[in-house]
Amino acid sequence: MIKKFLAAALIFFLATAVVKAQKVDKIVEGPKILVLNYHQVQNNFNSLSIPVNQFDAQMDYLVENGYTSISPEELYKGLSGEISLPEKSVLITFDDGYADNYTNAFPILKYYGLKATIFVIPALVGRDVRYLTWEQLREMEQAGVTAQSHTLNHRKLEELPDDEIRAELLNSKLLLEEKLGHSVEFLAYPTGTYNLHIAGIAKDCGYRGAFTIKYGNVDLGSNLFALERVPIFQTGSTMKDFYERIEYRQSFEEFGWVKR
Ligand SMILES: [Zn+2]
């Protein structure tokens, strides 16, 4: 019985060591970019909502800790070697385009001078009071908060036939470009779901990169059509969880460097 237990323990130990060794091998050199993923910023409880004062504290933390906010375009150029990104770069993203991004988040972003990106659902813009209007988007764009695509209607892409996937991806891009007057080349997959096939259609439609909700930081080893993000939710201890999600990233990297 004890022998069996020891054998099982040894197998577990070896298996864990192999998994750890594989993880360390995957660590890529070069910039590590933090991409934060928010939805709503408002005080009613909902796991996708961050209370206004806590969002303020999170932005303050980023500024106080030397983070530089960047745009998806800058991220793309950094990954393709056209520009070098600041050591602590952060891409602040919001999904869905809720009206509170304008009323609650925008004043805070302006106060700290932070850039941000909102992945909007163009079919809902200006048509539903819960979502942003085109006028609000245009005003935010003047201050460094830019809109990119979250598809036309936020349907589950993996359940649609190809022509409808293409329509969701392409028509959202064209409508945003027409209404906002700039090119739209970045996408956040609705519900974060993606696969190689959907990524291929996105590329065909003229996108240069797409964001998922896969937890991690973006680096030179990232797939441009499966970019990692760090989702920020409201929990019982939102601020502690926020710090830990960011710290985990750093301590994991330090661990990697030590082992290397
Ligand atoms: Zn969404």
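So the sequence shown is numbered by the numbering used here: it starts at 362 and just counts up by one.
The beta-carbon is built from N, C-alpha and C at its ideal position, and this holds for glycine as well.
Here the structure is a predicted model, which is why all the values come from computation and not from measurement.
- Between P551 and ligand 3, is the CB less than 7 Å from at least one heavy atom? Here the bound small molecules are ligand 1; ligand 3 is not part of this structure.
- Straight-line gap, G487 to E390 (C-alpha atoms, nearest Å): Position 126 of the sequence shown holds residue 487. Position 29 of the sequence shown holds residue 390. If you take the alpha carbons of G487 and E390, they lie about 43 Å apart.
- Relative to the alpha-carbon of A466, which residue among S450, A549, P447, Q403 has its alpha-carbon at the smallest distance? Your numbering for residue 466 matches position 105 in the sequence shown. The shortest Cα separation from A466 among S450, A549, P447, Q403 belongs to Q403.
- Query: Quick one, are the C-beta atoms of V591 and N398 less than 8 Å apart?
  - Reply: Sequence index remark: in the sequence shown, residue 591 carries index 230 (1-based). Sequence index remark: in the sequence shown, residue 398 carries index 37 (1-based). Closer than 8 Å, so yes.
- How big is the Cα-Cα spacing for P412 and D602? The residue labelled residue 412 in the question sits at position 51 within the sequence shown. The residue labelled residue 602 in the question sits at position 241 within the sequence shown. Roughly 14 Å separates the two Cα atoms.
- Taking 8 Å as the cut-off, decide whether the C-beta atoms of P551 and L518 are in contact. In the sequence shown, the residue the question calls residue 551 occupies position 190. In the sequence shown, the residue the question calls residue 518 occupies position 157. Their beta carbons are under 8 Å apart, which means P551 touches L518 by this criterion.
- Item | Beta-bridge partners of P592, as assigned by DSSP | As a first step, residue 592 must be located in the sequence shown, where it is residue number 231. Its beta-bridge partners are N398.
- Message: Quick test of your reading: A528 and V490, contact by CB under 8 Å. State the CB separation rounded to the nearest angstrom.
- Response: Here residue 528 refers to the residue found at position 167 when the sequence shown is read from its first residue. Here residue 490 refers to the residue found at position 129 when the sequence shown is read from its first residue. Wrong, their Cβ atoms sit about 26 Å apart, outside the cutoff.
- Task: Please work out which residues of its chain come closer than 6 Å, Cβ to Cβ, to L409, disregarding the five sequence neighbours upstream and downstream, and give them in chain order.
- Result: Counting from one through the sequence shown, the residue named residue 409 turns up at place 48. Here the set comprises H400, Q401.
- Assign I453 to one of three DSSP states: helix, strand, or coil. As a position in the sequence shown, residue 453 is number 92, starting the count at 1. Strand.
- Message: Please classify G442 as buried or exposed, where buried requires at least 16 other C-beta atoms within 10 Å of its C-beta.
- Response: Position 81 of the sequence shown holds residue 442. The residue is exposed, with fewer than 16 neighbouring Cβ atoms inside 10 Å.
- Task: Count the other C-beta atoms from every protein chain shown that fall within 10 angstroms of the C-beta of G458, then say buried if there are 16 or more, exposed otherwise.
- Result: On the sequence shown, residue 458 is found 97 positions in, with the first residue counted as 1. Flag for G458 reads buried.
- Message: Using CA atoms only, rank isn't needed, just tell me which of L585, L452, Y576, G577 is closest to A560.
- Response: For this step, residue 560 is matched to residue 199 along the sequence shown. With distances taken between Cα atoms, A560 lies closest to L585.
- Item | Y472 (DSSP reduced to helix, strand or coil) | For this step, residue 472 is matched to residue 111 along the sequence shown. In this structure, Y472 counts as helix in the three-state DSSP scheme.
- Identify, in the order they occur along the chain, each residue of the same chain with its Cβ nearer than 7 Å to the Cβ of P522, setting aside the five sequence neighbours on each side. Translated into positions along the sequence shown, residue 522 becomes position 161. Hits under 7 Å: none found.
- Message: Going by DSSP, what residue range makes up the beta strand (DSSP E) through S544?
- Response: Start at 1 with the first residue of the sequence shown, and residue 544 comes out as number 183. Where S544 is concerned, there is no enclosing beta strand (DSSP E), given that its DSSP letter is neither H nor E.
- Task: May I ask you to check if the CB of H515 is nearer than 7 Å to at least one heavy atom of ligand 1?
- Result: Working through the sequence shown from its first residue, we reach residue 515 at position 154. Correct: H515 has its Cβ closer than 7 Å to ligand 1.
- Task: Would you kindly report the start and end of the unbroken beta strand (DSSP E) that includes K575?
- Result: Residue 575 sits at position 214 when you count from the first residue of the sequence shown. Taken as a continuous stretch (DSSP letters only), the beta strand (DSSP E) holding K575 covers 570–576.
- Distance cut-off 7 Å: D461 Cβ against heavy atoms of ligand 1: Numbered from 1 along the sequence shown, position 100 holds the residue referred to as residue 461. Not under cutoff, so the answer is no.
- Query: What do you reckon, are the CB atoms on S445 and T429 nearer than 8 Å?
  - Reply: In the sequence shown, residue 445 corresponds to position 84, counting from 1. In the sequence shown, residue 429 corresponds to position 68, counting from 1. Contact flag unset, no.
- Query: CA-CA distance, A484 and F547?
  - Reply: The count along the sequence shown starts at 1 and reaches residue 484 at position 123. The count along the sequence shown starts at 1 and reaches residue 547 at position 186. Between A484 and F547, the C-alpha separation is close to 17 Å.
- Identified DSSP bridge partners for V506: For the purposes of this step, residue 506 is identified with residue 145 of the sequence shown, where counting begins at 1. V506 is bridged to A477.
- Item | Host alpha helix (DSSP H) of Y437 (start-end) | Numbered from 1 along the sequence shown, position 76 holds the residue referred to as residue 437. Y437 -> alpha helix (DSSP H) spans 433–440.
- Message: For D524, count the other beta carbons within 10 Å of its own beta carbon; 16 or more makes it buried, fewer makes it exposed. Which is it?
- Response: Working through the sequence shown from its first residue, we reach residue 524 at position 163. Looking at its Cβ environment, which holds fewer than 16 other Cβ atoms inside 10 Å, D524 is exposed.
- Item | Distance between I394 and I482 (C-alpha atoms, nearest Å) | On the sequence shown, residue 482 is found 121 positions in, with the first residue counted as 1. On the sequence shown, residue 394 is found 33 positions in, with the first residue counted as 1. Straight-line Cα distance between these residues: approximately 25 Å.
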